[in-house]
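Chains as they are written, first to last, in the numbering used here: chain X, 304 to 383; chain F, 13 to 249.
Ideal Cβ positions, reconstructed from N, Cα and C, are used throughout, including at glycine.
The model shown is predicted, which means the values in this text are computed figures rather than measured ones.
Notes for the one structure printed next.
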Amino acid sequence: MKAKIIITPKKAVVDPQGKAVQRALEQLGYQGSEAVHVGHYLEIETTGDPETARQQLDHACHKFLSNPVIEDYRLELSDS
Amino acid sequence: MHFAVLQFPGSNCDQDCVYALRNVLGHSARLLWHKETSLGPADAVVIPGGFSYGDYLRTGAIARFSPIMPAVLDFAAAGGLVLGICNGFQILCEAGLLPGALVRNRSLQFRCEHVFLKTPTTDSPFTGQIPPGKLLRVPVAHGEGCFFADDATLAQLEARGQILWQYVNARGEPTEASNPNGSLLNIAGICNAQRNVAGLMPHPERACEPLLGSADGLWIFKSMIHALETRPLVNEA
Numbered sequence: 304m305k306a307k308i309i310i311t312p313k314k315a316v317v318d319p320q321g322k323a324v325q326r327a328l329e330q331l332g333y334q335g336s337e338a339v340h341v342g343h344y345l346e347i348e349t350t351g352d353p354e355t356a357r358q359q360l361d362h363a364c365h366k367f368l369s370n371p372v373i374e375d376y377r378l379e380l381s382d383s
Numbered sequence: 013m014h015f016a017v018l019q020f021p022g023s024n025c026d027q028d029c030v031y032a033l034r035n036v037l038g039h040s041a042r043l044l045w046h047k048e049t050s051l052g053p054a055d056a057v058v059i060p061g062g063f064s065y066g067d068y069l070r071t072g073a074i075a076r077f078s079p080i081m082p083a084v085l086d087f088a089a090a091g092g093l094v095l096g097i098c099n100g101f102q103i104l105c106e107a108g109l110l111p112g113a114l115v116r117n118r119s120l121q122f123r124c125e126h127v128f129l130k131t132p133t134t135d136s137p138f139t140g141q142i143p144p145g146k147l148l149r150v151p152v153a154h155g156e157g158c159f160f161a162d163d164a165t166l167a168q169l170e171a172r173g174q175i176l177w178q179y180v181n182a183r184g185e186p187t188e189a190s191n192p193n194g195s196l197l198n199i200a201g202i203c204n205a206q207r208n209v210a211g212l213m214p215h216p217e218r219a220c221e222p223l224l225g226s227a228d229g230l231w232i233f234k235s236m237i238h239a240l241e242t243r244p245l246v247n248e249a
């Protein structure tokens, strides 16, 4: 079982990395990107009961893997 | 006074803090490896700057779960003085001992330069001896020192006088140009509501004698020492 965790900066937090990437995209000729947000992506390989794993990983996301003051996270569990 | 200076893998200002406290100010200061679980005899704790755990995941995110940290939380809860400098400030925010968070500098630049700090209040153990109106000239050296907190937290910091230091220009004005990282309200350092835990991004230990270009950082350590000398000692953690 694989957990995929996507962590992104909250809307209210200034994201200078995202802005720099957006400007670079425009310079490369890619038009129309209204906003870019740079975050983290984690893959965690795990075993056991899916519901228990989800609860534990959700707790870990909230307590450790993301900082709720500045970041949002999305947790997905899949078989591969 | 006895200062415990924490050492994490990646700390790099630990020796400078010990030098400022021991060699310059003549107090006891010892390094405490992060795998210890007790502070031992300590009147105050200093969490120094550096790149603990390589800044992996987020600055301070892994150090905050080091074995020594429960003892630091207990010490702070009992009223002990805790000062976090640069990465130490980031660790204290991650640990929930201070509100808010430090994020990437708005300029995306690592800023290494001297700044001027205004001290809005002397009503804290970390600012009590700073002469009113005195601007501190101290260095910053960080890539992620932009202080962020939501509006309600910022309002609370202002209302309770928890903003201890702000970036200002040479005339003491908190301008955008004098703000090296884009911190909200030009915040360079804050304390908790109980006023016994403080963090700041600038490095007072790197401004501890004239040979270094400034001795203004000593005012912060002297304030802590004065506060400790004039109040009952806290229990050993």
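For the alpha helix (DSSP H) that contains X:T311, what are its first and last residues?
Here X:T311 belongs to no alpha helix (DSSP H); instead the beta strand (DSSP E) covers 305 to 312.
For the segment 215 to 234 of chain F against the segment 26 to 45 of chain F, do three or more pairs of beta-carbon atoms, one drawn from each stretch, fall closer than 8 Å, so that the two count as touching?
Cβ pair count under 8 Å is three or more, so yes.
Can you tell which of F:L104, F:M13, F:G157 has its C-alpha closest to the C-alpha of F:L114?
F:G157
Can you name the residues that DSSP bridges to F:F15?
Beta-bridge partners assigned by DSSP to F:F15: F:A41, F:A56.
Classify F:F128 as buried or exposed, calling it buried when 16 or more other Cβ atoms lie within 10 Å of its own Cβ.
Counting every other CB atom within 10 Å of its CB across the protein chains shown gives F:F128 a total of 16 or more, marking it as buried.
Quick one: is F:A73 near chain A, going by C-beta distance under 8 Å?
Looking at the structure shown, chain A is missing, and the protein chains on hand are X and F.
Taking contact to mean at least 3 C-beta pairs separated by less than 8 Å, is the segment 347 to 358 of chain X in contact with the segment 321 to 330 of chain X?
no
Around the Cβ of F:A56, are there at least 16 other Cβ atoms within 10 angstroms (buried) or fewer (exposed)?
Flag for F:A56 reads buried.
Identify the residues that DSSP records as bridge partners of F:L169: which are they?
None, per the DSSP bridge assignment.
Beta strand (DSSP E) containing X:D375: first to last residue?
374 to 381
Quick check on the burial criterion: 16 or more other C-beta atoms within 10 angstroms. Buried or exposed for F:D28?
buried
Simplified DSSP assignment, three categories, for X:P353
helix
Test item: CB-CB of F:G96 and F:S64 under 8 Å
no
Looking at F:F159: is its Cβ nearer than 8 Å to the Cβ of F:I199?
Annotated as proximal: F:F159 and F:I199, with beta-carbon spacing under 8 Å.
Checking 8 Å against the spacing of the C-beta atoms, do F:C98 and F:C25 come in under that value?
Closer than 8 Å, so yes.
So F:Q141 and F:K234 are in contact, right, with Cβ under 8 Å, and what is the actual spacing, rounded?
About 5 Å separates the beta carbon of F:Q141 from that of F:K234, a gap short enough to meet the 8 Å contact definition.
Close-in-space but distant-in-sequence residues of the same chain around X:E344 (CB under 8 Å, 5 per side omitted)
Inspection of the sequence shows that residue 344 of chain X is occupied by Tyr rather than by Glu. Hits under 8 Å: K307, I308, I309, I310.
Kindly give me the distance between the Cβ atoms of F:A161 and F:P111, rounded to whole angstroms, as I take these residues to be in contact under 8 Å.
By a beta-carbon distance limit of 8 Å, F:A161 contacts F:P111. Their separation comes to about 6 Å.
Interface residues of chain F facing X:A315 [CB-CB closer than 9 Å]:
F160, D162, D163
What do you get for F:A73, buried or exposed, if any count of 16 or more other CB atoms within 10 angstroms of its CB means buried?
buried
So who's on the other strand from F:K130, going by DSSP bridges?
F:Q178.
Please report the straight-line C-alpha distance between X:K322 and F:L240, rounded to a whole angstrom.
When the Cα atoms are used, X:K322 and F:L240 turn out to be separated by approximately 46 Å.
Taking 8 Å as the threshold (C-beta atoms), are F:E188 and F:P151 in contact?
no
Taking the alpha helix (DSSP H) that F:H238 belongs to, which residues open and close that run?
230 to 241
Three-state secondary structure (DSSP) of F:C203:
Collapsing the DSSP output to three states places F:C203 in a strand.
Start-to-end residues for the alpha helix (DSSP H) that takes in X:R326:
319 to 330
So what does F:I97 bridge to, in DSSP terms?
F:L212
Test: F:L120 CB closer than 8 Å to a CB of chain X:
yes
Using a C-beta to C-beta distance shorter than 9 Å, which residues of chain F count as neighbours of X:P319?
V115, R116, N117, R118, S119, L120, C158, G194
State the CB to CB distance for the pair F:L85 and F:F138, rounded to an integer number of angstroms; the pair is presumed to be in contact (CB under 8 Å).
About 19 Å; that fails the 8 Å criterion.
Between F:V94 and the rest of its own chain, which residues show a CB-CB distance below 6 Å, the 5 nearest in sequence each way excluded?
Excluding residues within five positions, the ones whose Cβ falls inside 6 Å are V57, A88, V209.
Neighbour flag for F:G112 against chain X, beta carbons, 8 Å:
Closer than 8 Å: yes.
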